[in-house]
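Chains as they are written, first to last, in this note's numbering: chain D, 1 to 821; chain A, 822 to 1154.
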């Protein structure tokens, strides 16, 4: 590691002194809102050198002195040009004007991180406007569901936010919110993700060729950046839908210096469902004084404050918090029950309470400092936490008043369960642009993890006026503490006109319970430019992952639990190779074809019969370790500008697993398909803006069915010797292999329409969405079923067996109203 | 307004909680029946094999068809010995008796079905160095009739210690069972024998299944007793090892003269013994019994991984296992 750093410093020093260069630097922002624009392109036509703005909108481009013809461009904004004679270090801050005119927004030089000219491959940037326009379930725009429509990304079960990237598992995705990991990205069993699109500025998905600055997961990085807030005037957006309502307010606290952005969302199915619950469940419980409330909701809140001390220093405070809550409360009160025999009067009450809540808090303080016009630093202190908390309790009280005395009785019962994960992180990242041919990033990160594997608390109290008893029991595993440190360095190197490479190395050190795991992960991504519009790329990424998610594959449950690697369960590792060709068609459409091969090691799978509902106690005994691999081809045609935007994606892929280590065999140690192995995936996403008053969007997806495990034959069990022989006629199931059955193909069309109208203070929008427009019954689960049917005219029954398919979401229309000012 | 509110709630609840269930056609493979073999071989005994036909999981047929016209060839140590003779209901038997260390191979053909074959090696007899037992009374419940004590129930833990010597050169698989055998006085100078396998708890070995119940937040706290334990020598390879296990037993005692007032009759046990059977079992038999036990113990459903019951019949289904017993009889009364 040390040698690599010395080599890099020496190389850069030589480059520095070999010619006379000056640096152009600055920030790129939106003119209207002052929002920094991530990945905006800066390109000098004369030298054919360029760069992109970093995630804070900062850019630095070092060029030889002389005549400069700079083009600043960003998707959806009018291109800006600056021509001048570069004789000294220069600061140029650019404020872009939005435009949909294709003539104005030619992206000169395609200096986007994912474009033809970039060395980066296997990455996709999805404009947030596109994410918002993708029609989804219940009309709730959802970032993760939009990403599921990209090639190489597969959704899990119908409607869920599970992501399976290039044959990897759902725990192999690193979701970063402003650079900080979010552990549980699901609301409502995974039908919604925690990311509120109103609060988001930019999303980039990396599926392979990971830059060295990312690490910790095998299969993908989803880099989500929150809005900073408008620095000129207060704006807002209120939206009311059938499932949730949202509000977003942003604006300056001190004009062009301090801004804020707050977004909040809450579902109200609990409020709407309350009358039904009252009618149904409450019937058995209610009397005149009884009261039952029950429901489920989730909320989330994103808040961000950004203060600009100077052009060189900025401070960001950001917060995400969200919870899902299930509750049931029952109260009953009986009073004045008079007993004539002993002339006593009794008053009593009882209460029952159930509450489950689970959610994340992610908060960070970031300081951006421009050390000089070539070196930019971002220092972050962050806290992220996911916790699941369940409690069930009851309480009863009674007081009996006699003519000459009083007696009371009190009993209380409570049982609770808690689990979760908590991280404290300190990190520093540096961007260094010493030379037009080098764009260096390096940094370090330390995280203190606390894994809370699950503790059950129970409490029992019984008191009367003559006795008192109390019992408190705590059961569960102890917290596990671990330390994770990582260092990275990467250099985006240009070698002549045609060749560009991103070379990097990522080192991680993980210390848990006296075990230490090191991992040195090389990263290489190369681009060969055939002409300005066509490039060929190849990449390699070695990845390592030190945490596992204990989860069920069908739905995301709040009890899903992150656990660290242990002495027995080693870190997962992967090696991914990818090659591809990228073509830009008239600066309007990006076309790409990519092939990949990924090998994965130390994967975990549940043993036969294992279940991960509830406690994680002894989880190591429930899993086995093995290997896997995935390969495929992905095609993408993406149009991000103009009145018609969207993409067509196709993936051919195969993902398999092999668990054949001694004592850890699955499927008799033979290869089996991964749970979400699918041969074909097609997605079509289109949006068209007909006018300022109306736009229409639609998606169509098709994929090969998921795999499942079915016992295809039944057979008679023999008599086991030396037993009570009660099982002579046992019928056993024969399962030929794991995931030996394939569900029917999945296909669905969603349509969304937006009707906009300018009002006195802003714009109102009616959105009408239709999920599953042609009402296809897509498979969620496939199960065998047995029914008993009476033989007509007899008392005998016959068994009728069938295979049933359960579909969750039929055609679902939804409507929402929003007002933006 | 109220009508609209109710209508909206009805529509919403229908949409949110609607899920469609429909019967679908099976579009996969493996719809044809296969030969099923069930056979457990033990030394110095005739070999029996039950041959039947599997059925497609959507078949509405009840029961299973025995194959009564199969051709079951027996090879011992790769030498053809004989064709097993059909007796009844798919049961075939040999005239030969295998010995310890023999390799048993079946090659079975049946009209209209794929030929199958299977192999098993008869394991060594386990070496038991010593056996010991103790009884501890856990509770005594006295039976009262008014002021009189007319008898009692007494329950307790019967603990066993079996010291074995494991053979180091091989990975060994064991099965442990406990049988109670009693001779009971039936009155009028007659007796009858009662015999059954007792559930017991073996210390230090897995006593629960890996599957958990719905919202099993307590984890595996409840220790279940089992009728049999299948274990490997992973913990004691090549060493002497003491298996400690406990069974729960009880007895009823009636004070003389109160027989007619006691609800249950007294235990008129003439003699009582416990038979500890430690078997060396083949790996196939171990994997089959373990996976079968797990398949029977789990709560099937979408939250539990399905269990593949071990199968060592090539092209077919079932088990050819082998075992060698070593029994210890402990007389307690």
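Note that the Cβ used here is the ideal one computed from N, Cα and C, for glycine as well.
Counting C-beta atoms within 10 angstroms of its own C-beta, residue 343 (chain D) has fewer than 16 neighbours from the protein chains shown and is therefore classed as exposed. Taking all protein chains in view, the Cβ of residue 186 (chain D) is crowded by 16 or more other Cβ atoms within 10 Å, so the residue is classified as buried. The straight-line gap separating the alpha-carbon atoms of residue 867 (chain A) and residue 721 (chain D) is approximately 14 angstroms.
Between residue 779 (chain D) and residue 807 (chain D) a beta carbon distance of about 7 angstroms is seen, short of the 8 angstroms cut, so the two are scored as contacting. Residue-level contact check: residue 990 (chain A) does not touch chain D, since none of the beta carbons of chain D fall below 7 angstroms from its beta carbon. For a Cβ distance threshold of 8 angstroms, residue set 878, 879 of chain A lies close to residue 784 (chain D), ordered along the chain.
Here residue 99 (chain D) has 76, 77, 78, 105 as same chain residues with Cβ atoms under 8 angstroms from its own Cβ, once five neighbours each way along the sequence are excluded. Counting of Cβ neighbours within 10 angstroms places residue 1050 (chain A) among the buried residues, the total reaching 16 or more. At least 7 angstroms separates the CB of residue 940 (chain A) from every CB of chain D. Of the candidates D:492, D:418, D:438, D:445, the residue whose Cα lies closest to the Cα of residue 456 (chain D) is D:418.
In the structure shown, residue 619 (chain D) adopts helical secondary structure according to DSSP, grouped into three states. Within the DSSP bridge table, the entry for residue 757 (chain D) names D:764 as partners. Flagged as an interface residue toward chain D: residue 1018 (chain A), by a C-beta distance shorter than 7 angstroms. Under the 10 Å beta carbon count, residue 906 (chain A) is surrounded by fewer than 16 other beta carbons and is classified as exposed. Put simply, the CB of residue 1058 (chain A) is far from chain D, with every gap to its CB atoms at 7 angstroms or more.
Beta-bridge partners of residue 564 (chain D) (DSSP): D:547. Taking C-beta separations shorter than 7 angstroms and ignoring five residues to either side along the sequence, the partners of residue 1094 (chain A) in its chain run 1002, 1150, 1151, 1152, 1153, following chain order. With respect to residue 170 (chain D), residue 162 (chain D) sits close: the two C-beta atoms are nearer than 7 angstroms.
DSSP assignment within the stretch 703-748 of chain D yields the following whole beta strand (DSSP E) runs of 3 residues or more, N-terminal first: 713-716, 731-734. Judged by DSSP in its simplified three-state form, residue 1110 (chain A) adopts helix.
Taking a Cβ-Cβ cut-off of 7 angstroms, residue 913 (chain A) has no neighbours in chain D, whose nearest Cβ is about 12 angstroms from it.
If you check the CB distance, residue 380 (chain D) and residue 427 (chain D) come in under 7 angstroms. When C-alpha distances from residue 706 (chain D) are compared across D:663, D:749, D:782, D:690, the shortest belongs to D:782. Straight through space, the alpha carbons of residue 664 (chain D) and residue 1065 (chain A) are spaced by roughly 27 angstroms. Judged by DSSP secondary structure, residue 144 (chain D) falls within the alpha helix (DSSP H) whose first and last residues are 143-147.
Spanning the alpha carbons of residue 387 (chain D) and residue 485 (chain D) requires a straight line of approximately 23 angstroms. For residue 643 (chain D), no alpha helix (DSSP H) segment is defined, and its DSSP state is neither H nor E.
Interface with chain D (7 angstroms Cβ-Cβ cutoff): residue 866 (chain A) is excluded. Straight across, the Cα-Cα distance linking residue 37 (chain D) with residue 29 (chain D) is about 5 angstroms.
Rounded to the nearest angstrom, the Cβ distance from residue 54 (chain D) to residue 376 (chain D) is 7 angstroms, consistent with a contact under 8 angstroms.
Per the C-alpha coordinates, the member of D:587, D:91, D:626, D:621 positioned closest to residue 599 (chain D) is D:626.
One Cα belongs to residue 311 (chain D), the other to residue 424 (chain D), and the distance between them is close to 29 angstroms. Around residue 805 (chain D), the beta-carbon contacts reaching into chain A at under 9 angstroms are 841, 842, 843, 844, 845.
The criterion of a C-beta distance shorter than 7 angstroms is satisfied by residue 1063 (chain A) and residue 982 (chain A).
Looking at the DSSP output, residue 821 (chain D) sits in no beta bridge, so it has no partner there. In this chain, the beta strand (DSSP E) harbouring residue 470 (chain D) covers 468-476.
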